[in-house]
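In my numbering, the protein residues as written are 1 to 405.
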């Protein structure tokens, strides 16, 4: 964004709001939601301009500058809109404070998505001139058709020899759709089942009902028929070495929602509760591990693993002194071995799968799973979790508390 000079920004502001420019005087009231909708519309880039859309905060409709203080907290709020889970797939944007004619403003530059349509709280927003609105069926079709095969992440690749019969359409209609879209959007929906599946990227298109990797993973009847490694291997080992006796073992197959629920059942079943009746007047119950922390790390492994060109599962090995979570697929995009798991660093090998997992309720905020796990483990007295990541795999190790090893 710094490639815009002050003079260029002032000229853009002078021309007023357009299909690439929006003004907001402040971030109070309903403004945050309106900014999210604008980000969504610019990311969809209905006119196919191929250039960033700009949101000016601290600029009124009459082009007055400096209408609100540009604090660090305000800039953080704007930056967090990228990964707070309301806009999916997460857009690419930059936030910057600028001083024009001695007045501070914030500028948000939103890049067009290479995987439209992008949604804000389930609705597809687009921009026509200076006006923003919800996409029509024709707008949605244009955005769907714009996705080019070569630009797609692997989770949008079509899986040949599949069709609607390979998808659990009841799960899609009665579970996924009501969570993906607001009640108002669904009531106004006059789209066919094929149009709904294409809009949510479960199939290639209305006229080509080949299932995508996303469709097979999330609502497929038998995903492992097409993606043999797309499962979770759980082991409970009575000892600290892989060669020790195995207490429990399960290859958890099926669609990802079923995998996560069945894995949660295993984790909860083995997470014994210790009862302390000696250290105080009130009985104290403590689990071996804070279960939400373990869930955050296992779900992160399922979301970010590679499903391409591998038959390796996600492995969850529970030893007496630790839990190890091993995921095929290592660093990706902006994520490196050094910044892996750090707050504020986020990239997606499977951006549409991340969207679907959030829709099902398995993810709340993008990029926050590992920081949340770190906090919960620290509060429960566990050592800092260890992460080992390279170009082909990632390993997370959650150590037991020293008092129970």
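Just so you know, even glycine gets a beta-carbon here, dropped at the ideal spot from N, CA and C.
Please state whether DSSP places residue i in a helix, a strand or coil.
i: residue 330; result: coil
i: residue 110; result: strand
i: residue 208; result: strand
i: residue 118; result: coil
i: residue 246; result: strand
i: residue 94; result: strand
i: residue 382; result: coil
i: residue 150; result: Note that residue 150 has pLDDT 46, beneath the 50 cutoff, so the model's placement of it is unreliable and the number below is only indicative. DSSP places residue 150 in helix when its eight states are reduced to three.
i: residue 395; result: strand
i: residue 308; result: coil
i: residue 286; result: strand
i: residue 53; result: strand
i: residue 158; result: strand
i: residue 387; result: strand
i: residue 301; result: helix
i: residue 184; result: helix
i: residue 251; result: strand
i: residue 215; result: helix
i: residue 220; result: strand
i: residue 11; result: helix
i: residue 405; result: Because residue 405 carries a pLDDT of 49, less than 50, the predicted location of this residue cannot be relied on, and no value is offered for it.
i: residue 104; result: strand
i: residue 5; result: coil
i: residue 99; result: strand
i: residue 363; result: coil
i: residue 27; result: coil
i: residue 227; result: coil
i: residue 87; result: strand
i: residue 75; result: helix
i: residue 268; result: helix
i: residue 350; result: coil
i: residue 372; result: helix
i: residue 203; result: strand
Can you tell which of the options has its C-alpha closest to the C-alpha of residue i?
i: residue 205; options: 214, 194 and 215; result: 194
i: residue 59; options: 16, 264, 7 and 38; result: 16
i: residue 315; options: 32, 94, 117 and 394; result: 394
i: residue 78; options: 96, 63 and 64; result: 96
i: residue 208; options: 139, 164, 191 and 188; result: 164
i: residue 420; options: 303, 156 and 290; result: Coverage of the chain is limited to positions 1 through 405, which leaves residue 420 absent and any answer about it impossible.
i: residue 127; options: 100, 44, 180 and 86; result: 44
i: residue 159; options: 129, 25 and 211; result: 211
i: residue 307; options: 202, 260, 143 and 229; result: 229
i: residue 41; options: 379, 136, 319 and 245; result: 136
i: residue 80; options: 176, 32, 23 and 262; result: 32
i: residue 245; options: 318, 11, 382 and 99; result: 318
What are the partner residues of residue i, as DSSP defines its beta bridges?
i: residue 125; result: 134
i: residue 240; result: BP columns for residue 240 are empty, so no partner.
i: residue 315; result: 233 and 326
i: residue 18; result: 21
i: residue 167; result: 220
i: residue 256; result: The partner list for residue 256 (beta bridge, DSSP) is empty, contrary to what the question assumes.
i: residue 59; result: 65
i: residue 273; result: 287
Please state if the CB of residue j and the CB of residue i are separated by a distance shorter than 8 Å.
i: residue 321; j: residue 399; result: yes
i: residue 385; j: residue 374; result: yes
i: residue 167; j: residue 215; result: yes
i: residue 249; j: residue 330; result: no
i: residue 90; j: residue 351; result: yes
i: residue 68; j: residue 27; result: yes
i: residue 265; j: residue 88; result: no
i: residue 92; j: residue 156; result: no
i: residue 129; j: residue 358; result: no
i: residue 434; j: residue 172; result: Nothing about residue 434 can be reported from this structure: the residues present for the chain run from 1 to 405 only.
i: residue 141; j: residue 38; result: no
i: residue 267; j: residue 294; result: yes
Point to revise | Three or more C-beta pairs below 8 Å linking the stretch 220 to 231 and the stretch 251 to 259 | key: yes
Point to revise | Any 3 or more C-beta pairs closer than 8 Å across the stretch 231 to 242 and the stretch 181 to 200 | key: no
Check your understanding: So, do the stretch 101 to 110 and the stretch 49 to 59 have three or more beta carbon pairs nearer to each other than 8 Å?
Key -> With the cut-off at 8 Å, the stretch 101 to 110 and the stretch 49 to 59 touch.
Point to revise | Stretch-stretch touch, CB-based, cutoff 8 Å, three pairs: the stretch 342 to 362 with the stretch 295 to 309 | key: yes
**Study point:** Sufficient close CB pairs (3 or more, under 8 Å) joining the stretch 42 to 53 to the stretch 65 to 82
**Key:** no
Review point. Okay, do the stretch 110 to 127 and the stretch 176 to 187 touch, 3+ Cβ pairs below 8 Å being the bar?
Key: yes
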